[in-house]
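Reading through the C-alpha cells given below for one structure.
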Amino acid sequence: MAEFTMELNEDQKQVRDWIHGFAADVIRPAAAEWDEREETPWPVIQEAAKVGIYSLDFYAQQFFDPTGLGIPMAMEELFWGDAGIALSIVGTGLAAIGVVANGTEEQIGTWIPQMYGTPDDVKVAAFCSSEPDAGSDVGSMRTRAVYDQAKDEWVLNGTKTWATNGGIANVHIVVAVVDPELGTKGHASFIVPPNTPGLSQGQKFKKHGIRASHTAEVVLEDVRIPGSCLLGGKDKLDERLARTRERAKTGGERVKNAAMATFEASRPAVGAMAVGTARAAYEVALDYAKTRTQFGRPIIDNQGVAFQLADMRTQIDAARLLVWRASWMAVAGKPFTSAEGSMSKLFASETAKKVTAQAVQILGGNGFTREYPVERMHRDSAIYTIFEGTSEIQRLVIARTLSGMPIR
Ligand SMILES: Cc1cc2nc3c(=O)[nH]c(=O)nc-3n(C[C@H](O)[C@H](O)[C@H](O)COP(=O)(O)OP(=O)(O)OC[C@H]3O[C@@H](n4cnc5c(N)ncnc54)[C@H](O)[C@@H]3O)c2cc1C
58 MAEFTMELNE
68 DQKQVRDWIH
78 GFAADVIRPA
88 AAEWDEREET
98 PWPVIQEAAK
108 VGIYSLDFYA
118 QQFFDPTGLG
128 IPMAMEELFW
138 GDAGIALSIV
148 GTGLAAIGVV
158 ANGTEEQIGT
168 WIPQMYGTPD
178 DVKVAAFCSS
188 EPDAGSDVGS
198 MRTRAVYDQA
208 KDEWVLNGTK
218 TWATNGGIAN
228 VHIVVAVVDP
238 ELGTKGHASF
248 IVPPNTPGLS
258 QGQKFKKHGI
268 RASHTAEVVL
278 EDVRIPGSCL
288 LGGKDKLDER
298 LARTRERAKT
308 GGERVKNAAM
318 ATFEASRPAV
328 GAMAVGTARA
338 AYEVALDYAK
348 TRTQFGRPII
358 DNQGVAFQLA
368 DMRTQIDAAR
378 LLVWRASWMA
388 VAGKPFTSAE
398 GSMSKLFASE
408 TAKKVTAQAV
418 QILGGNGFTR
428 EYPVERMHRD
438 SAIYTIFEGT
448 SEIQRLVIAR
458 TLSGMPIR
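If you're matching positions, the sequence shown starts at 58 in the numbering used here and goes up one per residue.
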C-alpha cells in the first residue's frame, strides 16, 4: 500500500557510492591543480572513461532510472568532487543528449562514439547556442544555416560564444537560424564533424570559477557540412517549419509548450550540480567549525556559527528536494504547471551562492585563501545562477507560468 518513499533503492545507493568514491578519490584531489592551470583536465577525463563514468552508457543508465533520480544523484556527487572538473566530464554528455533526443538512429550511432572517443584517446563535444548578442534572448540569434540543394550541404556562418569545450571539441553541435521569420521556432541544430574547415576557436575565456572547464568562442566561416548533419533530418525539419508557419496563424501554443517542457525537464540537472557544490562547502565548514578553537572553545559552540550551519544544511536539503521533485515529474510525465523545473534550478543555484559565501565566512582568513577549498567552491558557485538560464530568467518563467501573464 505505502508505495511512496523518499529513500534511494539499493541499486541507486550503490551507484551513488561508486560515483562518490570516484569524486572523492580522483576528482577532489585534482581540483586545486586544474583550477590553477585553467586547462581541461584530460588525465581525469581519461580516468573517468576507464571506470565507465565518461560514456554515453553511464548517462543512458542514469537517464532511464524510472524514478528520475539517476541524473540528479550523479550530478550532485560529481560536482561535490569539483565543479570545474565535473563540468569537463559532463559537458560532452550535455551535447550528446541533444543528439540522442533529436537525432536519427544513424546520427546517434555515427556521432556519439566520436564525441567521447575511447578511454585511450578521449574526445569531448560542445553545444554551441549562445552568441555575443543572444544570451538570455535566444531569439536574437544570428548564426545562419543555409541549405545548398545542389550539393546537399548546409553552410553555417556566425559567431558562438561561451561554448563549453568550444574549439577543443571533436564534435560541435551548433544551433543556427534556418528561417529568420519564425524566431526561435526557426532554429535548427547541426552536427559539425571533426576537423571541418571554417570552424575555429576564437577567444578562450579566463574565468572567475569552474576554471578547469574550457569556455571559448567558436567562429563559423562558410562551414560546409553534409545534409545528413542536420539533427533529425531535413524531412522532419521541413515538417516542423510547415507546422509552425501554420500555427503562427492560429496562435502557436503547442510548439511553445513543447520547448518549455524540455527546459523544465533539463534544469533540475543544473540544480543538482549546485547542490553538490553547496554540500561540499557546507561539509568543509562543519568540520572546520568543530575543530577551530577561539576563546577556548570550538567556534561551533557559538550559536552565531552553529545557526549558520543549521540554515546552510536546511537550504541544501530543501534545494535537493525541489530538484528531486522536478526530476521525478519529468520522468513521470507530469505537467510543470508551476514551472517546478525552473523553481528547482533557481533555488538550488541561489542556495549554492549563499552557502559557499557562508562557508568562506566560517573559515575566516583561511576561507579567503586557496589553502582551503571553500574559496574555489565560492567562485565556482557563481556560474549556477548564470548558465542554463539566469536566475532572472528562471523567475520570469515561473512568474509567467503562475500568472499566465506576459510578464517582462
Ligand atoms: C562558464 C560558462 C559556460 C557556458 N556554457 C555554454 C555552452 O556550453 N553553450 C552555450 O550555448 N552557452 C553557454 N553559456 C552561456 C550562458 O548560457 C549565458 O551566459 C546565459 O544564458 C546568459 O546570457 P548572457 O551571458 O548573454 O547574459 P545576458 O542575457 O546579457 O544577461 C545579463 C543580465 O541581464 C539579465 N537579464 C537579461 N534579460 C532579462 C530580462 N528579460 N529580465 C530580467 N533580467 C534580464 C540577466 O539575468 C543577467 O543578469 C555558458 C556561460 C558561461 C559563463
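We put the beta carbon where it would ideally sit given N, CA and C, even for glycine.
Only a predicted model underlies this, so the values are computations on that prediction, with no experimental measurement involved.
Shorter than 7 Å, the distance from the beta carbon of residue i to the closest heavy atom of ligand 1, or not?
i: residue 233; result: no
i: residue 194; result: yes
i: residue 264; result: yes
i: residue 406; result: no
i: residue 219; result: yes
i: residue 450; result: yes
i: residue 183; result: yes
i: residue 213; result: no
i: residue 444; result: yes
i: residue 453; result: yes
i: residue 440; result: yes
i: residue 458; result: no
i: residue 285; result: no
i: residue 466; result: The structure shown does not extend to residue 466, since the chain is modelled only from 58 through 465, so no value can be given for it.
i: residue 142; result: no
i: residue 200; result: no
i: residue 145; result: no
i: residue 464; result: no
i: residue 272; result: yes
Mapping the DSSP letters down to three states, classify residue i as helix, strand or coil.
i: residue 186; result: coil
i: residue 259; result: strand
i: residue 412; result: helix
i: residue 82; result: helix
i: residue 272; result: strand
i: residue 463; result: coil
i: residue 191; result: strand
i: residue 292; result: helix
i: residue 174; result: strand
i: residue 229; result: strand
i: residue 282; result: strand
i: residue 396; result: coil
i: residue 179; result: strand
i: residue 287; result: strand
i: residue 458; result: helix
i: residue 130; result: helix
i: residue 98; result: coil
i: residue 163; result: helix
What are the residues that DSSP puts in a beta bridge with residue i?
i: residue 215; result: 277
i: residue 205; result: 210
i: residue 234; result: 201, 244
i: residue 149; result: In the DSSP output, where bridge partners are listed per residue, residue 149 has none listed.
i: residue 435; result: Answer is none; residue 435 lacks a bridge partner.
i: residue 20; result: A query on residue 20 cannot be resolved here, the shown segment of the chain reaching from 58 to 465 and no further.
i: residue 355; result: 350
i: residue 221; result: 272
i: residue 249; result: 229
Quick one: is residue i buried, meaning 16 or more other Cβ sit within 10 Å of its Cβ, or exposed?
i: residue 395; result: exposed
i: residue 252; result: exposed
i: residue 91; result: buried
i: residue 217; result: buried
i: residue 134; result: buried
i: residue 98; result: buried
i: residue 257; result: exposed
i: residue 79; result: buried
i: residue 190; result: exposed
i: residue 175; result: exposed
i: residue 325; result: buried
i: residue 279; result: exposed
i: residue 456; result: exposed
i: residue 81; result: exposed
i: residue 371; result: exposed
i: residue 207; result: exposed
Using a Cβ-Cβ cutoff of less than 8 Å, which residues in the same chain neighbour residue i once the five nearest sequence positions on both sides are dropped?
i: residue 112; result: 106, 173
i: residue 426; result: 432
i: residue 159; result: 246, 288, 289
Who are the near neighbours of residue i in its chain, counting only those whose CB is closer than 6 Å to its CB and skipping five residues on each side?
i: residue 466; result: Here the chain comprises residues numbered 58 to 465, so residue 466 is not present and cannot be evaluated.
i: residue 225; result: 271
i: residue 385; result: 125
i: residue 403; result: 448, 451
i: residue 429; result: 420, 423
i: residue 136; result: 143, 330, 333, 334
i: residue 140; result: 267, 334, 437
i: residue 84; result: 138, 139, 142
i: residue 321; result: 393, 398
Identify, in the order they occur along the chain, each residue of the same chain with its Cβ nearer than 7 Å to the Cβ of residue i, setting aside the five sequence neighbours on each side.
i: residue 161; result: 289, 290
i: residue 496; result: No answer is possible for residue 496: the residues shown for the chain start at 58 and end at 465.
At a threshold of 7 Å, does residue i count as lining ligand 2 (C-beta to nearest heavy atom)?
i: residue 225; result: Among the ligands present in this structure, namely ligand 1, ligand 2 is not found.
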